[in-house]
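Everything on this sheet refers to the single structure shown next.
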Amino acid sequence: MEKVTRRTISFSASFIFFIFSSTIIFLAGKSSAKFSHDGENNVTALFLFGDSFLDAGNNNYINTTTLDQANFPPYGQTFFGLPTGRFSDGRLISDFIAEYANLPLIPPFLEPGNSQKKLYGVNFASAGAGALVETFQGSVINLRTQLEHYKKVERLWRTRFGKEESKKRISRAVYLISIGSNDYSSLFLTNQSLPISMSQHVDIVIGNMTTFIHEIYKIGGRKLGFLNVPDLGCFPALRILQPNNDSCLRDASRLANMHNRALTNLLFKMQRQVKGFKFSLFDMNKSLRLRMQHPSKFGFKEGEEACCGTGKWRGVFSCGGKRIVKEYKLCENPKDYIFWDSLHLTQNTYNQFANLIWNGGHKSDSLVVGPYNINKLFQIP
Numbered sequence: 001m002e003k004v005t006r007r008t009i010s011f012s013a014s015f016i017f018f019i020f021s022s023t024i025i026f027l028a029g030k031s032s033a034k035f036s037h038d039g040e041n042n043v044t045a046l047f048l049f050g051d052s053f054l055d056a057g058n059n060n061y062i063n064t065t066t067l068d069q070a071n072f073p074p075y076g077q078t079f080f081g082l083p084t085g086r087f088s089d090g091r092l093i094s095d096f097i098a099e100y101a102n103l104p105l106i107p108p109f110l111e112p113g114n115s116q117k118k119l120y121g122v123n124f125a126s127a128g129a130g131a132l133v134e135t136f137q138g139s140v141i142n143l144r145t146q147l148e149h150y151k152k153v154e155r156l157w158r159t160r161f162g163k164e165e166s167k168k169r170i171s172r173a174v175y176l177i178s179i180g181s182n183d184y185s186s187l188f189l190t191n192q193s194l195p196i197s198m199s200q201h202v203d204i205v206i207g208n209m210t211t212f213i214h215e216i217y218k219i220g221g222r223k224l225g226f227l228n229v230p231d232l233g234c235f236p237a238l239r240i241l242q243p244n245n246d247s248c249l250r251d252a253s254r255l256a257n258m259h260n261r262a263l264t265n266l267l268f269k270m271q272r273q274v275k276g277f278k279f280s281l282f283d284m285n286k287s288l289r290l291r292m293q294h295p296s297k298f299g300f301k302e303g304e305e306a307c308c309g310t311g312k313w314r315g316v317f318s319c320g321g322k323r324i325v326k327e328y329k330l331c332e333n334p335k336d337y338i339f340w341d342s343l344h345l346t347q348n349t350y351n352q353f354a355n356l357i358w359n360g361g362h363k364s365d366s367l368v369v370g371p372y373n374i375n376k377l378f379q380i381p
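Last residue of the sequence shown? That's 381 in full-length UniProt numbering, and every number before it is there in order.
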């Protein structure tokens, strides 16, 4: 039995909802774009699945706690001017990719209305979600449920566009997925003991992801983009779990690396064996480590401490004062920081990552994105 340790977190907090968020979100969708479509009939839709790195606010609409919500200040302050449910000071990778693709900001599946916007894609991601149903079970929308939500949209598209046109749109769409981080970080954040080995745990996570990919393919999806798991042990929230050691939490980083090797092998295997399957893989792990090691090279002033939180490295997940610990400090300029809070990144960091995801894959940075970048996936018929 393998043991992963930390202090247990209590899951109790009040639910707060901001009814003005969606208005601001879609006003923001008018930002400039770098890719154009040939009319509505040729629109390439964007579907988003996964966790807080992509969640635009689905958790606003579920019965959960503030540990899994970001619908209170100072979240959203940099771009939207108010909280939208995004775990950042502003936009996420998903928002920048939508902009590059000349799409409006992709709305959360659970957000009421905006049916016209959902013709351009839907965001199914849920902060805290994992590939495993058991990950923060009851507080988030797991990957299996996100898939069921996607199937509902696919059925609605068939009704709206007809079987053949819907099939074309589903095939032409790009799917961006960020999943796995919570399946590993939750072990430490909730003081769980693994009844199986680390490698077996990774195999189960990858197995669930494999099932998910095959389901998307079965329905008609062909072009999938993935973010691998970042170096979790170096996130402020996990580093503070070993207060007498300034290094990253080794077991968390080890799990992330094991996952990423398995994910890479899976995707290349599917490319060889599954007809028409095309993918883009962003090395979020390496990209984040480079910025943490050389922050000034990438325009940051602080590479380890979070902008918002308290304690060492501001590693206590208290940003906004609505969670278990009420005390928090807020930096003056989030753009100078890589980390927004102890578990999430700033808009500036997400912007840089989105640029790599969209434009990367050249020889000089071939380890960052491959074998396609997301721009290329959008251009494939």
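Using N, Cα and C, we set each Cβ at its ideal position, and we do this for glycine too.
Just so it is clear, the structure is predicted and the values come from calculations on it, not from any experiment.
Short Cβ contact (8 Å threshold) for residue i with residue j
{"i": "Trp129", "j": "Asp51", "result": "The question names Trp, yet the displayed sequence has Ala at residue 129. Closer than 8 Å, so yes."}
{"i": "Ile177", "j": "Phe282", "result": "no"}
{"i": "Gly225", "j": "Ala173", "result": "no"}
{"i": "Val122", "j": "Asn59", "result": "no"}
{"i": "Asn182", "j": "Thr145", "result": "no"}
{"i": "Ala98", "j": "Asp55", "result": "no"}
{"i": "Val202", "j": "Leu267", "result": "no"}
{"i": "Phe317", "j": "Asp341", "result": "yes"}
{"i": "Asn228", "j": "Asn285", "result": "yes"}
{"i": "Phe72", "j": "Lys322", "result": "yes"}
{"i": "Leu103", "j": "Tyr120", "result": "yes"}
{"i": "residue 414", "j": "Thr84", "result": "Past the edges of the chain, shown from 1 to 381, lies residue 414, and the structure says nothing about it."}
{"i": "Gly180", "j": "Val205", "result": "yes"}
{"i": "Asn208", "j": "Leu132", "result": "yes"}
{"i": "His259", "j": "Tyr175", "result": "no"}
{"i": "Ile106", "j": "Lys223", "result": "no"}
Euclidean distance between Cα positions of residue i and residue j
{"i": "Lys275", "j": "Arg86", "result": "36 Å"}
{"i": "Arg169", "j": "Val43", "result": "8 Å"}
{"i": "Ser171", "j": "Ile213", "result": "14 Å"}
{"i": "Lys329", "j": "Phe80", "result": "21 Å"}
{"i": "Thr78", "j": "Cys319", "result": "15 Å"}
{"i": "Lys312", "j": "Thr66", "result": "22 Å"}
{"i": "Arg314", "j": "Arg91", "result": "21 Å"}
{"i": "Tyr337", "j": "Leu343", "result": "13 Å"}
{"i": "Val368", "j": "Leu288", "result": "11 Å"}
{"i": "Phe300", "j": "Lys335", "result": "7 Å"}
{"i": "Leu290", "j": "Asn333", "result": "21 Å"}
{"i": "Phe109", "j": "Gln293", "result": "37 Å"}
{"i": "Tyr372", "j": "Thr159", "result": "32 Å"}
{"i": "Gln352", "j": "Gln242", "result": "30 Å"}
{"i": "Lys167", "j": "Phe161", "result": "9 Å"}
{"i": "Phe26", "j": "Thr264", "result": "Only weak support is given to the placement of Phe26: the predicted model assigns it a pLDDT of 41, under 50, and the question is left unresolved by the model."}
{"i": "Ser186", "j": "Gln192", "result": "8 Å"}
{"i": "Leu194", "j": "Ile62", "result": "29 Å"}
{"i": "Ala262", "j": "Ser199", "result": "10 Å"}
{"i": "Asn348", "j": "Arg239", "result": "22 Å"}
{"i": "Gly309", "j": "Phe47", "result": "32 Å"}
{"i": "Asp89", "j": "Asn359", "result": "24 Å"}
{"i": "Thr346", "j": "His149", "result": "28 Å"}
{"i": "Cys307", "j": "Ala354", "result": "20 Å"}
{"i": "Lys218", "j": "Thr211", "result": "10 Å"}
{"i": "Ala127", "j": "Ser94", "result": "13 Å"}
{"i": "Lys376", "j": "Gly361", "result": "10 Å"}
{"i": "Lys326", "j": "Tyr75", "result": "15 Å"}
{"i": "Lys117", "j": "Phe49", "result": "17 Å"}
{"i": "Lys278", "j": "Glu154", "result": "20 Å"}
CB-CB length for residue i against residue j, believed under 8 Å
{"i": "Pro295", "j": "Glu302", "result": "6 Å"}
{"i": "Tyr350", "j": "Phe96", "result": "7 Å"}
{"i": "Ser280", "j": "Ile374", "result": "5 Å"}
Where residue i sits in the DSSP three-state scheme
{"i": "Phe339", "result": "strand"}
{"i": "Tyr120", "result": "helix"}
{"i": "Lys167", "result": "helix"}
{"i": "His294", "result": "coil"}
{"i": "Ser280", "result": "strand"}
{"i": "Phe353", "result": "helix"}
{"i": "residue 382", "result": "Past the edges of the chain, shown from 1 to 381, lies residue 382, and the structure says nothing about it."}
{"i": "Glu148", "result": "helix"}
{"i": "Lys301", "result": "coil"}
{"i": "Leu255", "result": "helix"}
{"i": "Thr159", "result": "helix"}
{"i": "Pro334", "result": "helix"}
{"i": "Val43", "result": "coil"}
{"i": "Thr135", "result": "coil"}
{"i": "Lys30", "result": "Below a pLDDT of 50, predicted positions are generally treated as unreliable, and Lys30, at 40, falls in that range; the measurement from the model is reported next regardless. Here Lys30 sits in coil by DSSP."}
Every unbroken alpha helix (DSSP H) within the stretch 171 to 230, with a cutoff of 4 residues, ordered by chain: Those alpha helix (DSSP H) runs which fall completely within the stretch 171 to 230 and span 4+ residues are 181 to 189, 198 to 219.
Entirely enclosed alpha helix (DSSP H) segments - the stretch 37 to 93, minimum 4 residues: none
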